[in-house]
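Protein sequences appear in the order of chains A and B.
Take the first sequence: its letters are residues 1 to 274, numbered as in the UniProt record's numbering.
Take the second sequence: its letters are residues 1 to 354, numbered as in the UniProt record's numbering.
Please read the structure below before turning to the comments.
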Amino acid sequence: MTRNFALFPLMVVITLISLPLMVMYGFLILDTVTDAPPGALWPDEFTLRHWRFLWDMSAAGNVWKATLNTAVLALSMVAVVVPVSSLAGYAIARLNLPYRRFFLGGILVMHAFPAVTLLIGVFFVLKFAGLYNTMIGVILVKGALMLPFGIWIMKGFYDAVPWEIEMAGVQDGASRLTVFRRLILPQVKPGLVALSVFAFLDGWGEYLLPRVLAPGSDMTVMSVLLNGLIAGDDIGYDFNLFKAVGVFYTLPVIALFAIFQNRLMTIFGGGTKG
Amino acid sequence: MRLNLENFTKCFDGTPVIEGLNLTVEDGEMLALLGPSGCGKSTTLLSVCGIYRADGGRILFGGRDVSALPSQRRNVGVVFQNYALYPHLTVEENIAFPLTVQKPRPSAAEIARQVREIAELIHIDALLGRRPAQLSGGQQQRVALARALVRKPDVLLLDEPLANLDAKLRLEMRSEIRRIQLETGITAILVTHDQVEAMSMCDRVAIMDKGEILQIDSPTQMYRSPANRFVAGFLGNPPITFLEGRTGPEGRFSMEAGLTLPLPSHLRGMPSGRPIALGLRPEHFGHGGQGQATGRVTFVEPQGREMLFDVQAAPGVTLRSIQPTRDDVSIGDEVTWKVDADRMLAFDAEGRRL
């Protein structure tokens, strides 16, 4: 009994702290489907006109094209980061590869390195390679910047798999590759799932790299499109339209969190040990 | 299949931990590698199965040199201390795994038949559908054994297989492993630091220390007639008591602390003044013999069927005696008990048996 009630004050504090946030989220959703008189807090009429951007391309630009671009970027992140991380993490964790310590240190440094400082250098490299203003360029840069995180996370998961399992597999007559594929990979599945979701979300939310490295209108992603809605000089921002596009942009993120929330916690729980 | 290690050498970071080791395990024999931690027994085992590469010498399976072969091509079954079962596979899939990676891969029906056959031998046929996490320690042990045996290996290696089991299960698995080894007739090596396991399960015991095999013998023979002081001290529970002293006149042995005992009869002719050590096992004190020792009982340890007594026979000299439980002796009593001098083990200053 005392245990349950001991948590009660904590819950009150957490609720109070997050209350402003909840209120703002509430109004964010509410404002997308209503209109309020100027200066008033509570709306007085229901309307779907803020969602007209879904079919009216003049309202907020080509939202569907931007959604597709964002999805391509996000899925490419999964396709690049997860396979490379799962292989590199295994090599770092288990194989006796030359310069292992150097790689480990390098990954840690890269992980902590602020990517923004590289932007100008990356710009010149892409320009030179002819990948400036292409989606491929953005994917390569974004993927490279995310790899240290992915490799480090996967290394943590591999470290948690006992050595003996690998030795037993080899002893049972399987090649190292078979052991990796059939015995080790299934055991780091939670890590793969979590990393996939993280890579997707990271790509989905990316703003800076596509903005700077692929400014062409063909390559507009949702974050850039959203920014464009309020970045103009005109006075008459349509805040409710902005909020509606924002909610539309957030929906996949919420859905992913709702589905995978338990899996995502494994990254912060057992996964990063060692 | 007969197993030979010839001049086997293993180094770590350039430092040899095992140098020029020779060992033969006969076909169908179960041999224990027994020794304290760090004596090289696990290193030897991992080299036999191919996880470590030998740095010198040869490893022969039935006369065939396998030193250069990787683990996968050695056909060795290994049971690891923590069993190393594959947690995401069922018991059946665990046991079948070694068969499914064989080339050419046997048919599904053939795999199922072999798995069932081995599961029946090891008494786990009722558990095939479960996952390792749903098994008790003893059952996991059995599964690990089944997986090691299913592809009919040339040699079975057991690395401290009973260390993770509780006392009762350990007793049960001890005889189970031996039964299975005898029924399959497989050549087996057991690595352990537990002398009871080694002596009760194996045909022969090899005692190792500091990378060397000190003695290989049948358990009884080794207990009765250890080659040196280390072996004598390692075997026996409660352990042997060593008495340091010198030979005296008329075939007697005397210690500086004042205790004198007759020498074992084959040493009576030794010149006096030689430094020697006598080893007295607890079962040879208080059970008759030509010598005797008087002292005060300082400790009594009842063990149910037997009792262990510590007797201080001279300042700083404690003799241990194990006897059937008796109520007439308690702490502080003065006792005079017989010492079976002929069965004492004598060692010279270098620890060699005399």
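Cβ coordinates follow ideal geometry from the N, Cα and C atoms, glycine included.
Just so it is clear, the structure is predicted and the values come from calculations on it, not from any experiment.
In whole angstroms, give me the CA-to-CA distance for residue i and residue j.
i, j, result
"GLY332 (chain B)", "VAL300 (chain B)", "10 Å"
"VAL66 (chain B)", "ASN7 (chain B)", "14 Å"
"LEU183 (chain A)", "GLY169 (chain A)", "7 Å"
"ILE151 (chain A)", "GLN221 (chain B)", "57 Å"
"LEU87 (chain A)", "GLY203 (chain A)", "21 Å"
"HIS123 (chain B)", "SER265 (chain B)", "52 Å"
"ARG58 (chain B)", "GLU19 (chain B)", "12 Å"
"LEU235 (chain B)", "LYS189 (chain A)", "48 Å"
"LEU97 (chain A)", "PHE103 (chain A)", "10 Å"
"PHE157 (chain A)", "LEU75 (chain A)", "23 Å"
"GLY173 (chain A)", "LEU185 (chain A)", "18 Å"
"LEU345 (chain B)", "TYR86 (chain B)", "49 Å"
"GLY63 (chain B)", "SER175 (chain A)", "25 Å"
Using a C-beta to C-beta distance shorter than 9 Å, which residues of chain A count as neighbours of residue i?
i, result
"ASN82 (chain B)", "PRO162 and GLU164"
Kindly examine the ligand ATP and report whether one of its heavy atoms sits closer than 7 Å to the Cβ of residue i.
i, result
"ARG252 (chain B)", "Ligands are entirely absent from the displayed structure, and the ligand ATP is therefore not among its contents."
Can you tell me whether residue i is buried or exposed? The criterion is at least 16 other CB atoms within 10 Å of its CB, across all chains shown.
i, result
"VAL116 (chain A)", "exposed"
"LEU128 (chain B)", "buried"
"GLY271 (chain A)", "Only weak support is given to the placement of GLY271 (chain A): the predicted model assigns it a pLDDT of 41, under 50, and the question is left unresolved by the model."
"CYS11 (chain B)", "exposed"
"VAL13 (chain A)", "exposed"
"GLY14 (chain B)", "exposed"
"MET24 (chain A)", "exposed"
"TYR132 (chain A)", "buried"
"PHE242 (chain A)", "buried"
"PHE198 (chain A)", "buried"
"residue 278 (chain A)", "This structure cannot speak to residue 278 (chain A), because chain A is shown only from 1 to 274."
"LEU68 (chain A)", "exposed"
"THR15 (chain A)", "exposed"
"LYS127 (chain A)", "exposed"
"TYR99 (chain A)", "exposed"
Considering only the beta carbon of each residue, do residue i and residue j sit closer than 8 Å?
i, j, result
"LEU21 (chain A)", "VAL33 (chain A)", "no"
"ALA148 (chain B)", "VAL79 (chain B)", "yes"
"MET135 (chain A)", "ALA214 (chain A)", "yes"
"VAL81 (chain A)", "LEU201 (chain A)", "no"
"LEU308 (chain B)", "PRO282 (chain B)", "yes"
"LEU263 (chain B)", "ALA314 (chain B)", "no"
"SER71 (chain B)", "ILE51 (chain B)", "yes"
"ASP154 (chain B)", "PHE97 (chain B)", "no"
"GLY273 (chain B)", "THR247 (chain B)", "yes"
"ALA119 (chain B)", "ALA144 (chain B)", "no"
"VAL125 (chain A)", "LEU209 (chain A)", "no"
"HIS88 (chain B)", "GLN171 (chain A)", "no"
"ILE186 (chain B)", "MET201 (chain B)", "no"
"ASP203 (chain B)", "LEU31 (chain B)", "yes"
"CYS39 (chain B)", "GLY269 (chain B)", "no"
"LEU73 (chain A)", "VAL63 (chain A)", "no"
"GLY28 (chain B)", "LEU157 (chain B)", "no"
"GLN134 (chain B)", "TYR83 (chain B)", "no"
"VAL91 (chain B)", "ARG116 (chain B)", "no"
"VAL245 (chain A)", "LEU28 (chain A)", "no"
"GLN81 (chain B)", "ASN164 (chain B)", "yes"
"ILE213 (chain B)", "LEU23 (chain B)", "yes"
"LEU225 (chain A)", "GLY26 (chain A)", "no"
"ALA277 (chain B)", "GLU250 (chain B)", "no"
"TYR207 (chain A)", "ASN227 (chain A)", "yes"
"SER316 (chain B)", "ALA257 (chain B)", "Looking at the sequence itself, residue 316 (chain B) is Gly, so the reference to Ser does not match. Cβ distance < 8 Å, so GLY316 (chain B) and ALA257 (chain B) count as in contact."
"ARG174 (chain B)", "THR241 (chain B)", "no"
Just the chain A side, please: which residues come within less than 7 Å of residue i by C-beta, in chain order?
i, result
"PHE97 (chain B)", "ASP172"
"SER71 (chain B)", "VAL170 and GLN171"
"ILE118 (chain B)", "Within chain A, no residue comes near ILE118 (chain B); the closest Cβ sits about 13 Å away, beyond 7 Å."
"CYS49 (chain B)", "GLN171"
"ARG58 (chain B)", "None at all; the shortest Cβ gap to chain A is about 20 Å."
Residue i and residue j look like a contact to me (Cβ under 8 Å); what is the Cβ gap, rounded to whole Å?
i, j, result
"LEU162 (chain B)", "GLU197 (chain B)", "6 Å"
"PHE347 (chain B)", "ASN228 (chain B)", "7 Å"
"GLY143 (chain A)", "MET77 (chain A)", "6 Å"
"GLY279 (chain B)", "TRP337 (chain B)", "Not really, about 17 Å apart at Cβ, beyond 8 Å."
"ILE189 (chain B)", "VAL48 (chain B)", "7 Å"
"GLN195 (chain B)", "ARG151 (chain B)", "That pair is no contact at about 32 Å."
Who are the neighbours of residue i on chain B, taking C-beta pairs under 8 Å?
i, result
"MET154 (chain A)", "What MET154 (chain A) touches in chain B: nothing, since even the nearest Cβ is about 17 Å away."
"THR178 (chain A)", "VAL101"
Check whether the Cβ of residue i lies closer than 8 Å to any Cβ atom in chain D.
i, result
"PRO252 (chain A)", "Of the protein chains in the structure, A and B, none is chain D."
Give the interface partners of residue i over in chain A, defined as CB-CB distance under 8 Å, in chain order.
i, result
"ARG151 (chain B)", "ASP172 and GLY173"
"PRO147 (chain B)", "The question names Pro, but residue 147 (chain B) is Arg in the sequence shown. Under the 8 Å cutoff, chain A gives ALA168 and ASP172."
Output, in chain order, the set of chain B residues within a Cβ distance shorter than 9 Å of residue i.
i, result
"MET167 (chain A)", "LEU46, CYS49, ILE51, SER71, VAL78, PHE80 and ALA84"
"LEU183 (chain A)", "TYR86, HIS88, LEU89 and PHE97"
Starting from the beta carbon of residue i, find every residue of chain B whose beta carbon is closer than 7 Å, and list them in chain order.
i, result
"PRO186 (chain A)", "HIS88"
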